Amino acid sequence: MAVPVSNREVAAILYEVADLLEMKDVKFKPAAYRRAAHTIETVAEDIGRVAERGELEDLPGVGTHIAGKLKEILESGKLGYLERLKAEVGPGVRELAEIGGIGPKKAMLLHQKLGIGNADQLEAAARAGKIRALPGFKEKSEANILASIATHRQRAGRSLLGRMLPVAEAIRARLAAHPAVRQVSLAGSLRRMKETIGDIDILASSAEPDAVMAAFTALPEVTRILGRGTTKSSVVIDPGVQVDLRVVEEGQYATALQYFTGSKDHNIALRRRALERGWSLSEYGLKDEKSKKNLAVSTEEELYRILGLPFIEPELRENRGEIEAAESGTLPALVPYNAPAGDLHVHSDWSDGRDSIRTLALAAKERGYRYLAICDHARGPGIEKGLDAGKIGEQRAVIEQLNRELGGIVLLPGIECNIGPDGNPDLPPDVLKDLDIVIASVHDSLRMKGEEMTQRVLAAIHHEHVDILGHPTGRLLLRREPSDLDLPAIFRAAADQHVALEINSSPSRLDLSDTNCRKARDAGAVFAINSDAHAADELGEIRLGIATARRGWLTAEDIVNTRPAGDLRGWFRR
DNA sequence: GCCGTTTTCGGCCCGACTGTTTTCAGTCG
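Below, the structure written as structure tokens:
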């Protein structure tokens, strides 16, 4: 391998090929390239290693031709075929198709007839009334294009799950209160609890779909109505997010919920499976291909059962092997949302948190937790509000007093210390040894070179008093890439040293990510799902971390803080 | 371009909505 190329980069090249082939109106190849790209994104192993073993064609969706192209990418970092396609299709056409209402056909036409290659040029042409002269366009098209460009610019793209979930739940609740609505559920990537979401999908059942649609499009936060029909309507709401509502009859709710939950790849795989068994699957039910009769399905469980599968949880529906696992009976029993017996990472007003330890403890008790680890920041470079050895002693006295007083919940004295550039925690061993929970996290110099950074984190994992590696990759969703780390080495060391990997539930972290959880679990690691709450009302964000664990195929056994406090201490003390 | 419990050739998920159209293509999910 001449050039180091990540699986993600390889997949991005194939996705671009697929898009450009679609512009050229080539049939079926786009889907073939996308299937191969999805496989490469999904496999745990580095694609270069698979190539070295000569096993590229064993990957689903990869045949002789794509295997050849993969070799070229791995050799040179580039693909001649892609360069030729780009030259042929023209610059900017792919970007044009990202504007709502513009697809591959219209993008090509606009480029070929008017030389348009970006949103600015498109806007100018629409304002000048030049687009209405093209076949298939009129004045209305120009107005729609201008509105779509505005929406396109306003939209930041994807949004954090943790930010959109409350917004979506509020809309869902208002629809649920409408008298014409029978059932209503979140669907799409929100129901799958994907870490970022593109839009909000909601499904309802009703005998009066028009009334539901009228109520939906009249919601106060709606800023633009993209479409309104009797079964499907789309709007844009205030934070610049699209919301799609579909309304079906009650009898179609189960198949519609399955369909509308996705993912697209999961659904395609499921429909293919249905076809193999003589069924045609759509959101309206299962149709027998021979008799053309629709079979009523009342629950998602029943739908999967008819297709010969156990129920597949929404968080798993990404076509990452869940259908095969379901078929062979090896689906994991996902960690339940109520499984945590406590939270091992919260901050109080002793450091940068908002609430007192007492307030946090009462809120944790209210949630049914048996224990709560108070892990304020240790004082270190850049963390002025952190605790030094003296403060830690004072805080411990407060914690012990509350433990005598409260009952029903045990507060564990802990600390979140920074891992210095040399790999050492910023507190000495004789301070750390008396604490129940020591979290070690990287907070600065996140852009160190891969080898140095890996050594730094490995040193912390091997430290005798470290229990948990906090937010292991340091990523911030939509803002900061993960640090350059040899993750397989980190996962192996953590498994070996009995150091739990944190799944940090902060909405912008969710670190480890779902796919890394799965890889780490395969390496034998265990996990702590923590809220990293800086206020009592953030304890509930742990559900985002649990969702991430579920998307990473983890069970309750993989999570240390599903265990009773006694077991927990034993496990960490090893 | 891939793939096989009908197939090594001939299929490839399925339907709603919009805007243009006068019977349907393009887009979207």
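Each position in the first sequence, counted from 1, maps to that position plus 102 in my numbering. All C-beta atoms in this analysis are idealised placements derived from N, C-alpha and C, irrespective of residue type, glycine included. None of the values given here were measured: they were computed from a predicted structure.
Three or more C-beta pairs below 8 Å linking the stretch 540–550 and the stretch 502–509: With a cut-off of 8 Å, the stretch 502–509 and the stretch 540–550 do not count as touching, because too few Cβ pairs lie within range.
Start-end ranges of the beta strand (DSSP E) lying completely within the stretch 372–414, minimum 3 residues: Correct list: 381–384, 387–390.
Member of 129, 150, 660 whose CA lies at the smallest distance from the CA of residue 173: Walking along the first sequence from the start, residue 173 turns up at place 71. It is 150.
CA-to-CA distance, residue 145 to residue 411, given in whole angstroms: Indexing the first sequence from 1 puts residue 411 at position 309. Indexing the first sequence from 1 puts residue 145 at position 43. Residue 411 and residue 145: Cα-Cα distance of roughly 23 Å.
C-beta contact flag for residue 520 and residue 532 at 7 Å: In the first sequence, the residue the question calls residue 520 occupies position 418. In the first sequence, the residue the question calls residue 532 occupies position 430. In this structure, residue 532 does not lie closer than 7 Å to residue 520 by Cβ.
Whether residue 346 touches residue 303 by CB criterion (7 Å): For the purposes of this step, residue 346 is taken as the residue at position 244 of the first sequence. For the purposes of this step, residue 303 is taken as the residue at position 201 of the first sequence. Residue 303 sits close to residue 346, with the two beta carbons spaced by under 7 Å.
Residue environment, residue 135, which counts as buried when at least 16 other CB atoms sit within 10 Å: Along the first sequence, read from residue 1 onward, the residue named residue 135 stands at position 33. Looking at its Cβ environment, which holds 16 or more other Cβ atoms inside 10 Å, residue 135 is buried.
Environment of residue 105 [buried if 16+ CB atoms lie within 10 Å]: One-based indexing of the first sequence puts residue 105 at position 3. By the C-beta density criterion, residue 105 is exposed, having fewer than 16 other C-beta atoms within 10 angstroms.
Nonlocal neighbours in the same chain, by C-beta distance under 7 Å from residue 244, ignoring five residues either side: Counted from its first residue, the first sequence places residue 244 at position 142. Excluding residues within five positions, the ones whose Cβ falls inside 7 Å are 228, 231, 233, 234.
Same chain, Cβ closer than 6 Å to residue 625, neighbours up to 5 away in sequence not counted: To locate residue 625, count along the first sequence from 1; it is residue 523. Excluding residues within five positions, the ones whose Cβ falls inside 6 Å are 593, 594, 597.
Residue 563 to residue 283 span [Cα, whole Å]: As a working mapping, residue 563 is identified with position 461 in the first sequence. As a working mapping, residue 283 is identified with position 181 in the first sequence. Cα-Cα distance, rounded: 53 Å.
Residue 140 in three-state terms, based on DSSP: For the purposes of this step, residue 140 is taken as residue 38 along the first sequence, with counting starting at 1. Note: residue 140 maps to helix in three-state DSSP.
Residue 557 versus residue 565: straight-line alpha-carbon distance, rounded: The residue you call residue 557 lines up with position 455 of the first sequence. The residue you call residue 565 lines up with position 463 of the first sequence. Distance between the alpha carbons of residue 557 and residue 565 is about 12 Å.
Length at least 3, wholly inside the stretch 238–318: the beta strand (DSSP E) runs in chain order: Complete beta strand (DSSP E) runs here, min 3: 283–289, 301–308.
Residue 178, DSSP secondary structure in three states: Residue numbering aside, residue 178 sits at position 76 when the first sequence is read from its first letter. In the structure shown, residue 178 sits in a helix (DSSP, three-state: H, G or I).
DSSP three-state assignment for residue 552, whether helix, strand or coil: If you number the first sequence from 1, residue 552 lands on position 450. If DSSP states are grouped into helix, strand and coil, residue 552 belongs with the helices.
Residues sharing a beta bridge with residue 338, DSSP: For this step, residue 338 is matched to residue 236 along the first sequence. According to DSSP, residue 338 bridges with 326, 344.
Reference residue 285; option with closest CA among 421, 616, 504, 348: The residue labelled residue 285 in the question sits at position 183 within the first sequence. Checking every option, the nearest Cα to that of residue 285 belongs to 348.
C-beta atoms of residue 187 and residue 122 nearer than 7 Å: By 1-based counting over the first sequence, the position of residue 187 is 85. By 1-based counting over the first sequence, the position of residue 122 is 20. Residue 187 is a Cβ neighbour of residue 122, given a cutoff of 7 Å.
Inter-residue spacing [alpha-carbon to alpha-carbon] between residue 307 and residue 333: Residue numbering aside, residue 307 sits at position 205 when the first sequence is read from its first letter. Residue numbering aside, residue 333 sits at position 231 when the first sequence is read from its first letter. Near 10 Å, if we compare the C-alpha coordinates of residue 333 and residue 307.
Selection from 377, 388, 461 that minimises the alpha carbon distance to residue 504: Numbered from its first residue, the first sequence carries residue 504 at position 402. Looking from the CA of residue 504, the closest CA among 377, 388, 461 belongs to 461.
Cβ contact check for the stretch 263–271 and the stretch 285–299: 3 or more pairs under 8 Å: In short, these stretches touch, since the Cβ pair count reaches three.
C-beta contact flag for residue 539 and residue 480 at 7 Å: In the first sequence, the residue the question calls residue 539 occupies position 437. In the first sequence, the residue the question calls residue 480 occupies position 378. Their beta carbons are not under 7 Å apart, which means residue 539 does not touch residue 480 by this criterion.
Where residue 363 sits in the DSSP three-state scheme: If you number the first sequence from 1, residue 363 lands on position 261. Three-state DSSP puts residue 363 in a helix.
Cβ neighbours of residue 162 in the same chain (closer than 7 Å, five flanking residues each side left out): Position 60 of the first sequence, counted from the start, is the residue given in the question as residue 162. Residues of the same chain with a CB within less than 7 Å of the CB of residue 162, apart from the 5 flanking positions on each side, are 141 in chain order.
Beta-carbon proximity of residue 514 to residue 471, cut-off 7 Å: Reading the first sequence from its first residue, position 412 is the one you call residue 514. Reading the first sequence from its first residue, position 369 is the one you call residue 471. No, Cβ-Cβ distance for residue 514 and residue 471 is not below 7 Å.
Sequence-distant residues of the same chain with beta carbon closer than 8 Å to residue 292, five excluded per side: Taking the first sequence and counting its residues from 1, one reaches residue 292 at position 190. Cβ within range, chain order: 263, 266, 267, 270, 299, 302, 303.
Top-ranked residue by Cα proximity to residue 642, from 568, 442, 575, 495: As a working mapping, residue 642 is identified with position 540 in the first sequence. Comparing Cα-Cα distances from residue 642 to each of 568, 442, 575, 495, the minimum goes to 442.
Whether residue 458 touches residue 488 by CB criterion (7 Å): In the first sequence, counting from the first residue as 1, residue 458 sits at position 356. In the first sequence, counting from the first residue as 1, residue 488 sits at position 386. Between residue 458 and residue 488, the gap from beta carbon to beta carbon reaches 7 Å or more.
Counted within 10 angstroms of its Cβ, other Cβ atoms place residue 438 as buried (16 or more) or exposed: Stepping through the first sequence from its first residue, residue 438 is reached at position 336. Sixteen is the threshold: since fewer than 16 other Cβ atoms of the shown chains lie within 10 Å of the Cβ of residue 438, the residue is exposed.
Rounded distance between the beta-carbons of residue 358 and residue 425, thought under 8 Å: One-based indexing of the first sequence puts residue 425 at position 323. One-based indexing of the first sequence puts residue 358 at position 256. Contact check for residue 425 and residue 358: beta-carbon distance about 20 Å, past the 8 Å limit, so the pair fails to qualify.
Contact under 7 Å by Cβ, residue 446 with residue 317: As a working note, residue 446 is residue 344 in the first sequence. As a working note, residue 317 is residue 215 in the first sequence. Residue 317 sits away from residue 446, with the two beta carbons spaced by 7 Å or more.
Residue closest to residue 587, alpha-carbon to alpha-carbon, out of 577, 656, 552, 600: Counted from its first residue, the first sequence places residue 587 at position 485. Closest option to residue 587, judged by alpha-carbon separation, among 577, 656, 552, 600: 552.
Nearest-angstrom Cβ-Cβ length linking residue 326 and residue 253, presumed shorter than 8 Å: Sequence index remark: in the first sequence, residue 326 carries index 224 (1-based). Sequence index remark: in the first sequence, residue 253 carries index 151 (1-based). Confirmed, about 7 Å.
Of the residues 606, 492, 496, the one placed nearest residue 543, counting alpha carbons only: Along the first sequence, read from residue 1 onward, the residue named residue 543 stands at position 441. When C-alpha distances from residue 543 are compared across 606, 492, 496, the shortest belongs to 606.
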